[in-house]
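Notes to accompany the following structure.
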Amino acid sequence: MVDNVFDNRALIIQIDSGSIGMRSWSTVLLAVLVTSATVCGHDADPEMKMTTPQIIMRWGYPAMIYDVTTEDGYILELHRIPYGKTNVTWPNGKKPVVFMQHGLECASDNWVVNLPSESAAFLFADAGYDVWLGNFRGNTYSMKHKNLKPSHSAFWEWSWDEMQEYDLPAMIEKALEVTGQDSLYYMGHSQGTLTMFSRLSNDKVGWGNKIKKFFALAPVGSVKHIKGALKFFADYFSLEFDGWFDVFGSGEFLPNNWIMKLVSESVCAGLKVEADVCDDVMFLIAGPESNQVNATRVPIYVAHTPAGTSTQNIVHWIQMVRHGGTPYYDYGEKGNKKHYGQGNVPSYDFTNVDRPVYLYWGDSDWLADPTDVTDFLLTHLNPATIVQNNKLIDYNHLDFIWGLRAPKDIYEPIIEIIRNDVINGS
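The opening residue of the sequence shown carries number 1 in full-length UniProt numbering; numbering runs sequentially from there.
Pasting the structure below:
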């Protein structure tokens, strides 16, 4: 079924498928907590209540929506900007497909919540690319299942293991099916890199050939040296602790107030931030400091994040902190025997990744810590696959998607890499 909805700026198409000025984050977030509601007769920015397609349309771009069902029954919503505002022609007549995948507790809006001159999705669309934005299960846009409802605890029984196994293949194959192409360019952020590294490490049937190049922003393999909330959880609770679902919620990640207060006090100790800012979940996970944030857009960032995930997924991240590598989800000895045929939890082998990888990482990143990048990723990936290794100064975890320097430092170089790749017939 196709529903066309017109306004005077853009076209949005719903397609249902049954298959397959700069200041620190701390200062700005405090201002948001005080002023993001309607104050003194002035309305809040309308984008705070808009969906990703609505934001795209607001800026005069076409937006398309696709539903795709994973092999295990989750219905994921994909967003697409099929073309931008410039007329770009390509040698073979086909627009290169660029697939962007969000990180932990985020959604497709990550790529459009800055101004068009600053947002990755708009910049790539204007450069002539067919832009697709993915949404992992359990976030704002992917809260459906063939048989389960979010109110069912079984709906939330998954971690990023299932995202790499089911979500990525379903979404990417849908993009290729619709565009009639055999492969695409993939740009992931945070968990969007972890899942792709893991998917490629398990590739036994040549699925990786669908990925022409892999651009990894704030790349994650190990999180041994992580800072923030996940580090606190790993240190605070004993190895034998099994009450994660009592603390964080039985399904969706909804931590109790008392535990978040403990996290806030610990994470914010010694930092020049206000107490109210420390109540923000994204701040506690990703880190606060940035010298390149667009202050006028922060109310929109906060309105759209966190976008949702499962408690099991957060627990998996905590297990990674303790493990020091990239293990599958640990169900305990009995559960592991049922799932993996062995008592110990297996790990992903990143040496199996064989697609061209471009790394973009920051020296101020809490989640993709620079030590984890140098000591784990750069030693576990086959050196022959690492085409570029870009260390960016004064980049925190969220600067890769929202930083004002990201267009020049990251997006424009990637746009040029892909353009040259297509022109040279690669």
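Glycine included, every Cβ here is placed at the ideal spot set by N, Cα and C.
From a predicted model like this one, the values you see are computed outputs, not experimental measurements.
By alpha-carbon distance to Y411, the top candidate from Y360, I55, P383 and N382 is Y360.
Taking the Cβ atoms as the reference, I285 lies roughly 7 Å from E105, within the contact range of under 8 Å. Cβ contact annotation for G249 (same chain, cutoff 6 Å, sequence separation greater than five): T311, in chain order. In this structure, N396 sits away from E118, with a CB-CB distance that is not shorter than 8 Å. Taken in chain order, the whole beta strand (DSSP E) runs of length 3 or more contained in the segment 151-213 are 184-189. Between the beta-carbon of T193 and that of A216 there is about 4 Å, and that keeps the pair under the 8 Å contact cut. Around the C-beta of D330, 16 or more other C-beta atoms lie within 10 Å, and the residue is accordingly described as buried. In this chain, the beta strand (DSSP E) harbouring D67 covers A63 to T69. Proximity to A307 across T385, F237 and T52 peaks at T52, based on C-alpha coordinates.
In this structure, the straight-line span from the alpha carbon of D349 to that of T326 is close to 8 Å. Looking at the DSSP output, R80 sits in a beta bridge with M64 and W132. Contact between K210 and I172 is confirmed by a C-beta separation of about 6 Å, below the 8 Å threshold.
Per the Cβ contact rule, the segment 157-171 is in contact with the segment 66-80 (3 or more Cβ pairs under 8 Å).
Contact check between the segment 354-372 and the segment 225-233: three or more CB pairs, one atom from each, fall below 8 Å, which counts as touching. Under the rule that a run must span 3 or more residues, the beta strand (DSSP E) segments found entirely inside the segment 82-133 read 97-101 and 130-133. DSSP places N390 inside the beta strand (DSSP E), whose first and last residues are I386 to L392. Annotated as proximal: D126 and T86, with beta-carbon spacing under 8 Å.
According to the DSSP assignment, Y358 belongs to the beta strand (DSSP E) that extends over V357 to G362. In the DSSP assignment, K144 forms a beta bridge with I75. Of the candidates K149, S142 and P169, P169 places its Cα closest to the Cα of Y186. Restricting attention to V345, S201, H316 and H145, the CA atom closest to the CA of E333 is found in V345.
Shortest Cα-Cα distance from V387 to any of A234, E416, T374 and R355 involves R355.
Beta-carbon to beta-carbon, I318 and F233 are separated by about 5 Å, close enough to satisfy the 8 Å threshold. In chain order, L392 place their CB closer than 7 Å to the CB of D409, counting only its own chain and leaving out the 5 sequence neighbours on each side.
Close CB contacts of N352 within its chain, under the 6 Å cut and outside five residues either way in sequence, are with S201 (chain order). Between V113 and I56 the beta-carbon gap is near 11 Å, outside 8 Å, which marks them as no contact. Within the DSSP secondary-structure output, A216 pairs in a beta bridge with G188 and L359. Here T374 is exposed. Its C-beta has fewer than 16 other C-beta atoms within 10 Å.
A218 is the residue among G180, W59, A218 and M64 whose C-alpha sits nearest the C-alpha of P370. Pairing F376 with G221 gives a Cβ-Cβ distance under 8 Å. Judged by their CB atoms, P116 and F124 are not nearer to each other than the 8 Å cut-off. Within the same chain, and ignoring the five residues on either side of L76 in sequence, the residues whose Cβ sits closer than 8 Å to its Cβ are D67, V68, T69, T70, G134, N135, F136, R137, Y141, S142, D167, A170 and M171. Burial state of E47 is buried, judged by a 10 Å Cβ sphere holding 16 or more other Cβ atoms. At a Cβ-Cβ threshold of 8 Å, M100 and W59 do not count as neighbours. DSSP places Y301 inside the alpha helix (DSSP H), whose first and last residues are V298 to H304. The bridge partners DSSP lists for E47 come to none.
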